[in-house]
DNA sequence: CAATACGTACAGAAAAAACTGTACGTACAA
DNA sequence: TTGTACGTACAGTTTTTTCTGTACGTATTG
């Protein structure tokens with residue numbers, strides 16, 4: 008095994024490690040491989056570059072680069088004179104984590120909150136319907152309690168996301184370990 | 008639509024909302040439905056209960072309840088006189104979030120860190136091999152830099168997980184909104 | 001001891017997701 | 001305007017994941 012192969016092996020280990028954990032970002036392993044490859048390339052890549060490098064179709068590259076962009080792991084960059092789209096991995100991994108966390112969870116909180124609001128309104132209405140037995144009323148009240156509880160939880164989660172988004176998390180957990 | 012159906016509809020909305028976001032916990036939608044159903048039932052359930060309630064096989068219930076347990080969303084409870092396994096959703100959703108976060112990310116950090124350590128060792132070794140061109144040496148040095156950077160990042164992530172695990176996150180983002 | 005109840009391993013079926021190739025729309029070039 | 005280069009929508013294929021039914025091991029009951 009020559010030096011170049013050893014280098015490749017070292018890179019491949021890291022890339023595979025990323026590929027196998029990228030599901031935490033809601034992405035399939037191949038997107039992780041794409042990201043890993045781009046991380047070691049020190050230049051912006053075109054879809055054709057990626058396709059050649061990974062031996063996958065350009066269509067796939069196009070699809071997964073969009074996912075990677077939406078999760079904020081890569082970004083499009085411009086270089087004058089180049090007509091093709093160029094992409095580059097973001098270089099601040101702390102910020103990558105924060106962005107991904109923010110994007111993923113904000114959406115979830117928003118969807119959940121909407122559902123809770125609707126159901127809560129329905130249940131409060133239902134309480135005053137006239138074909139309600141005492142037994143059913145008790146169940147409704149319990150459900151309302153539950154929904155109020157999880158609404159409170161989602162409010163906390165929303166504030167947690169705020170704390171990430173506006174960098175307050177780095178006050179609690181500083182970037183650099185002090186020796 | 009009678010009162011009971013309205014109640015069911017309200018519950019179903021919440022359950023579906025959970026089902027569609029449970030992928031953030033690394034679980035399939037059906038596990039979310041299972042969790043949602045268990046959340047509204049105010050009692051521990053057996054696999055047979057779940058099977059009947061969701062109209063799915065007992066085998067499926069067994070598999071997904073294990074995933075739910077591993078992600079710390081539900082737990083097994085004991086009731087004397089009952090031979091079947093009983094499961095209940097955990098009632099502290101804040102803690103559910105913290106546990107899931109901790110479990111998922113700790114594993115990822117651990118795997119990544121191991122890979123980085125190995126590759127870093129290889130590259131440092133490779134630097135001193137005698138068939139290395141200056142050009143290749145430069146690439147190796149760049150790779151080492153990259154690995155040192157992400158190692159630092161994973162150290163931060165590890166400390167972030169610590170902050171969740173030992174509840175410090177609630178100092179930064181308190182459970183109750185103060186008015 | 002035998003009989004029954006229970007949970008899950010395992011293999012195959014069904015469903016979902018990822019991947020590919022073609023075809024098309026858009027933008028720039030000549 | 002026509003021609004070319006590019007990215008992606010879409011339909012079909014392949015791969016992966018999820019779900020089911022059977023069969024088995026263990027534990028409890030009589």
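Residue numbers (this note's numbering), protein chains in the order written: chain F, 8 to 186; chain A, 8 to 186.
Glycine included, every Cβ here is placed at the ideal spot set by N, Cα and C.
*Starting from residue 127 of chain F, follow the alpha helix (DSSP H) in both directions and report where the run begins and ends.*
100-134
*asked:* So the candidates are F:100, F:90 and F:144; which of them puts its Cα closest to the Cα of residue 43 of chain F?
replied: F:100
*Just grab the DSSP bridge partners of residue 3 of chain A for me.*
Outside the displayed range of chain A (8 to 186) lies residue 3 of chain A, so it cannot be described from this structure.
*So, using beta-carbon positions, are residue 177 of chain F and residue 109 of chain F closer together than 9 Å?*
no
*Should residue 62 of chain A go down as buried or exposed, given a rule of 16 or more other Cβ atoms within 10 Å for buried?*
exposed
*Is it true that the region 151-166 of chain A meets the region 136-150 of chain F, where meeting means three or more beta-carbon pairs spaced less than 8 Å apart?*
no
*Could you please tell me which residues of the region 16-40 of chain A, in chain order, have their CB closer than 8 Å to any CB of chain F?*
16, 17, 18, 20, 21, 23, 24, 25, 27, 28, 30, 31 and 33
*Closer than 6 Å by C-beta to residue 58 of chain F: which residues in its own chain qualify, once you throw out the five before and the five after it? Chain order, please.*
65 and 68
*Are three or more beta carbon pairs between the region 82-98 of chain F and the region 109-119 of chain F nearer than 8 Å?*
no
*Simplified DSSP assignment, three categories, for residue 52 of chain F*: strand
*Please say whether residue 133 of chain F and residue 155 of chain F have beta carbons closer to each other than 9 Å?*
no
*Is it right to say residue 187 of chain F is buried, meaning 16 or more other beta carbons lie within 10 angstroms of its own, or is it exposed?*
Nothing in the structure corresponds to residue 187 of chain F, since chain F is present only between 8 and 186.
*asked:* Can you tell me whether residue 57 of chain A sits near the ligand NAD, meaning its C-beta is under 8 Å from at least one heavy atom of the ligand?
replied: The ligand NAD is not part of the structure shown, which contains no ligands of any sort.
*Starting from the beta carbon of residue 10 of chain A, find every residue of chain F whose beta carbon is closer than 7 Å, and list them in chain order.*
133, 136, 138, 139 and 143
_With distance defined between alpha-carbon atoms, name the residue in F:105, F:131, F:111 and F:136 nearest to residue 173 of chain F._
F:105
*With 16 other Cβ atoms within 10 Å as the buried cut-off, status of residue 88 of chain A*: exposed
*Are the C-beta of residue 166 of chain F and some C-beta of chain A separated by less than 9 Å?*
yes
*asked:* Suppose you measure from the CA of residue 85 of chain F to the CA of residue 47 of chain F; what does that come to, to the nearest Å?
replied: 19 Å
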